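Visitor:
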Amino acid sequence: QVQLVESGGGLVQPGGSLRLSCAASGSIFSIDAMGWHRQAPGKERDWVATVTSGGSTHYADSVKGRFTISRDNAKNTVYLEMNSLKPEDTAVYYCKGSDYTRRMAYWGKGTLVTVSS
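Every position in the sequence shown, counted from 1, becomes a number in this note's numbering once 13 is added.
(1) Which first and last residues belong to the beta strand (DSSP E) in which Lys109 is found?
(2) Assign Thr114 to one of two classes, buried (16 or more other C-beta atoms within 10 Å of its C-beta) or exposed (fewer than that).
(3) Which residue or residues does DSSP assign as beta-bridge partners of Glu101?
(4) Are Val128 and Val25 closer than 8 angstroms when you measure CB to CB?
(5) Indicate whether Thr90 and Ser34 have their beta-carbon atoms separated by less than 8 angstroms.
(6) Can you look up Ser43 in the DSSP assignment and give me helix, strand or coil?
(7) Going by C-alpha distance, which of Leu125, Lys56 and Ser43 is nearest Gln16?
(8) Between the alpha carbons of Ser97 and Thr81, how many angstroms are there, rounded?
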């Protein structure tokens, strides 16, 4: 089992920045990729960004150039640096760990990001 705990959400003005963190514990050796998803009120959960065990990063078009995903293997933590935030970035942000071998996905409970003046 893998446990994921997000932190760093909050209220920020348009154009501002936030950094989200996702701390992983448990059987983290089984995780092939870590990512962030988000769910805005009344909408489906959407993929935001992924970082693989090899360090490759991938982004949704809506956040490309504004968000940066990174990982600190020594701390078992994944980060999402969010810049130039827009009101449409308002959502609950979820951390996801993917085990491709076992076809398992692990989710955190989410952290709320609100972009508003």
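Where is the CB? At the ideal position from N, CA and C, for every residue including glycine.
Since we're looking at a predicted model, the values are computed, not measured.
Guide: On the basis of the supplied data:
(1) Sequence index remark: in the sequence shown, residue 109 carries index 96 (1-based). Counting along the chain, the beta strand (DSSP E) containing Lys109 begins and ends at Ala104 to Asp112.
(2) Counting from 1 along the sequence shown, the entry for residue 114 is found at position 101. So Thr114 counts as exposed.
(3) As a first step, residue 101 must be located in the sequence shown, where it is residue number 88. None; Glu101 has no bridge partner.
(4) Locating residue 128 in the sequence shown gives position 115, counting from the first residue. Locating residue 25 in the sequence shown gives position 12, counting from the first residue. Result yes, Cβ atoms of Val128 and Val25 sit closer than 8 angstroms.
(5) Against the sequence shown, residue 90 aligns to sequence position 77. Against the sequence shown, residue 34 aligns to sequence position 21. In contact: Thr90 and Ser34 (Cβ atoms closer than 8 angstroms).
(6) Walking along the sequence shown from the start, residue 43 turns up at place 30. Looking at Ser43 - three-state DSSP - the assignment turns out to be helix.
(7) Here the question's residue 16 lines up with position 3 in the sequence shown. The option with the nearest alpha carbon to Gln16 is Ser43.
(8) As a first step, residue 97 must be located in the sequence shown, where it is residue number 84. As a first step, residue 81 must be located in the sequence shown, where it is residue number 68. Using only the alpha carbons, I get a separation of about 12 angstroms.
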